[in-house]
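The structure appears below as structure tokens.
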Amino acid sequence: MSLMSKDLFANMDEPSFTRRKFPQLEEEKREAELIEQAKENNNLITLPITQLVMDPDNESIFGKIELGSIVNFSSEIEHNGFKGAIMAYPIDTDDGKKYQIESGHRRFLAAKEAGLEELPVIVTEPPLSDTERKIRLIDMNMQNRDLKPSVLANVASVLLDNITAEEEKDGVPAKKDLVYGLVARKMNTSPKTIYRYQSLNKLIPKLKEFADEGVSWTALTQAAKLPEDKQELIALAISNELVENQAENITRPWIISLIARTSGQTDEPKSKTIVRSRSGAKIISKCAKDFDYIFSGNATFKDSEKKQAFDDLVELRDKLNKKISELGNEIF
104 MSLMSKDLFA
114 NMDEPSFTRR
124 KFPQLEEEKR
134 EAELIEQAKE
144 NNNLITLPIT
154 QLVMDPDNES
164 IFGKIELGSI
174 VNFSSEIEHN
184 GFKGAIMAYP
194 IDTDDGKKYQ
204 IESGHRRFLA
214 AKEAGLEELP
224 VIVTEPPLSD
234 TERKIRLIDM
244 NMQNRDLKPS
254 VLANVASVLL
264 DNITAEEEKD
274 GVPAKKDLVY
284 GLVARKMNTS
294 PKTIYRYQSL
304 NKLIPKLKEF
314 ADEGVSWTAL
324 TQAAKLPEDK
334 QELIALAISN
344 ELVENQAENI
354 TRPWIISLIA
364 RTSGQTDEPK
374 SKTIVRSRSG
384 AKIISKCAKD
394 FDYIFSGNAT
404 FKDSEKKQAF
414 DDLVELRDKL
424 NKKISELGNE
434 IF
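Given below as structure tokens:
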């Protein structure tokens, strides 16, 4: 009996990485249920670790598994033993019958590092197509994991390609809105976010790196339509800003403004509207009252706003000094 539904979209009401509130407990509970189900169906077996092979697309979709996480996991296995089970299905290779992992790649590598020779395996049915294999791989490896924006963008792209292929296998063109909706539900997000992930995929590697470091990735996506040379300029400006500020302190408005300036969108034509003259003395008097409120210590500044407030004050100071000089020359 297969643990994977033939209908790849049958469980769309339960997206693949929900239940974030207690991820460890939920994962352990889910795995315990799968193991019990596998026992009932005689799908739980023990295999030599040499009989297991990793899915070739796991790394290209989710990124390289960091050695540090393997070492820590391996140490835990050495002290507490291997918990849970690997999920894999039989395949034919040049070296004979093997079992290809679709869930448990990190634990497999950690178990090898710990020197284990055998592992418990829940045997699943082989996928009927390459597209089904990739969709299943994503479904089984996104649960309760915190993935970086660039990885999520890559996952979205792979799902879009393969769900489109599944929808079109009968020769009928897939509807774009339908496909984006299916991908959004699988990733427990909105179609709008999937479109943004597609924009993130169009950024140069350095901007993707900033997104993974905590710079607002939704703001960065506004640079997706710019040529690489302008994206490089944006990356350089952000690099310079990171010298003085942490990634989370670089505000979304600042990034959007930077992109607008770099793309030339702020070079607006001069207005043809005639502006009526206003009393400069009255404007200064009104502004002075507002600034008295700040100088008296009554105004507060959020940490995320302090840098922008500082920049604005410096700019204002320069303009004030210039205007004071101009008025002084006229008076004296």
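All residue numbers for the sequence shown refer to the numbering used here, where the first residue is 104 and numbers rise by one. We treat Cβ as the ideally placed atom computed from N, Cα and C, and that holds for glycine. Treat the numbers as computed from the prediction; the structure is a model and nothing was measured.
For this session: Pull up the DSSP beta-bridge partners for Lys-392, would you.
Result: In DSSP, Lys-392 forms no bridge with anything.
For this session: Compute the Euclidean distance between the alpha carbons of Leu-423 and Gly-400, then round it to the nearest angstrom.
Result: Cα to Cα, the separation comes out at about 21 Å.
For this session: Less than 8 Å between the CB atoms is what I'm expecting for Leu-147 and Ala-141, so what's the real figure, rounded?
Result: The pair is a contact, with the Cβ atoms about 4 Å apart (cut-off 8 Å).
Exercise. If you follow the alpha helix (DSSP H) that Glu-316 is part of, which residue opens it and which one closes it?
Worked result: That run of the alpha helix (DSSP H) goes 308-316.
Exercise. Which same chain residues, not among the five before or five after Asp-158, have their C-beta less than 8 Å away from its C-beta?
Worked result: Excluding residues up to 5 positions away in sequence, Gln-203, Ile-204, Glu-205, His-208, Arg-236, Leu-240 lie with their Cβ nearer than 8 Å to the Cβ of Asp-158 in the same chain.
For this session: Determine the burial state of Arg-420: buried for a count of at least 16 other Cβ atoms within 10 Å of its Cβ, exposed for fewer.
Result: By the neighbour-count definition (other C-beta atoms within 10 Å, threshold 16), Arg-420 is an exposed residue.
Problem set entry | Option in Leu-262, Asp-233, Phe-176, Asp-160 with minimal Cα separation from Tyr-283 | Minimum Cα distance to Tyr-283 is reached at Leu-262.
Exercise. Are the stretch 263-274 and the stretch 313-324 in contact at 8 Å, needing three or more beta carbon pairs?
Worked result: Verdict: no, contact absent.
Exercise. Where does Leu-150 sit, in a helix, a strand or coil, going by DSSP?
Worked result: If DSSP states are grouped into helix, strand and coil, Leu-150 belongs with the strands.
Exercise. What does Ser-206 pair with, by DSSP beta-bridge criteria?
Worked result: In the DSSP output, where bridge partners are listed per residue, Ser-206 has Met-190.
For this session: May I ask you to verify whether the stretch 159-177 touches the stretch 207-221, counting CB pairs closer than 8 Å and requiring at least 3?
Result: Three or more Cβ pairs closer than 8 Å define a contact, and the stretch 159-177 meets that threshold against the stretch 207-221.
Exercise. On the three-state DSSP scale, how would you describe Pro-330?
Worked result: Here Pro-330 sits in coil by DSSP.
For this session: Report the three-state DSSP secondary structure of Gly-383 (helix, strand or coil).
Result: It is helical.
Problem set entry | Start-to-end residues for the alpha helix (DSSP H) that takes in Leu-219 | Note, Leu-219: premise wrong, no alpha helix (DSSP H); not H, not E.
Exercise. Excluding sequence positions up to five away, which residues of its chain have a Cβ less than 7 Å from the Cβ of Glu-181?
Worked result: Excluding its 5 nearest sequence neighbours in each direction, Glu-181 has C-beta neighbours in its own chain below 7 Å: Ala-217, listed in chain order.
Problem set entry | For Glu-139 and Ile-189, the rounded distance between their alpha carbons | When rounded, the distance between both Cα atoms is 14 Å.
Problem set entry | Distance between beta carbons of Thr-354 and Lys-333, contact taken as under 8 Å | Actually they are not in contact, since the Cβ atoms of Lys-333 and Thr-354 sit about 21 Å apart, beyond 8 Å.
Exercise. Just how far apart, CA to CA, sit Asp-198 and Leu-137?
Worked result: Rounded to whole angstroms, Asp-198 to Leu-137 spans 29 Å at the Cα level.
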